[in-house]
Amino acid sequence: MAAENGGLSDDERRELEELRAEKARREEAQRTQRERAELKRLKAEQERTRAEAEKDRRARELRERNAKLMEPDDDLRMPTGQKVVLLALAVIAVAIVLVMTLGR
């Protein structure tokens, strides 16, 4: 009778409520899935940013250490890096002289 008057019967009303509840569950599941994907993306981005910052920090420390190696000391003595280069050149020169004299 209610169906004839344009209203919903009890069965139709119950089915409509079930469909609405199912739709709400699907929408909630989709929203949760989107939030998890966004959280995963943000964590990956944060990790990437942290790794880049660590890499930059290590490179900066290495540059500073290398620059300090090549700087003269406070009393204007020869820097350690320059001493190492000169010592290596001296060893090479001695080796060449030895090869030339012993090779005859």
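In this text, residue positions in the sequence shown follow full-length UniProt numbering: the first is 1, and each later residue adds one.
Backbone N, C-alpha and C fix where the C-beta goes; we use that ideal spot for every residue, glycine too.
Between the alpha carbons of Leu-42 and Gln-33 lies a distance of about 14 angstroms.
In the DSSP assignment, Glu-22 falls within the unbroken alpha helix (DSSP H) covering 10-70. Gly-81 carries a helical assignment under DSSP once its states are collapsed to helix, strand and coil.
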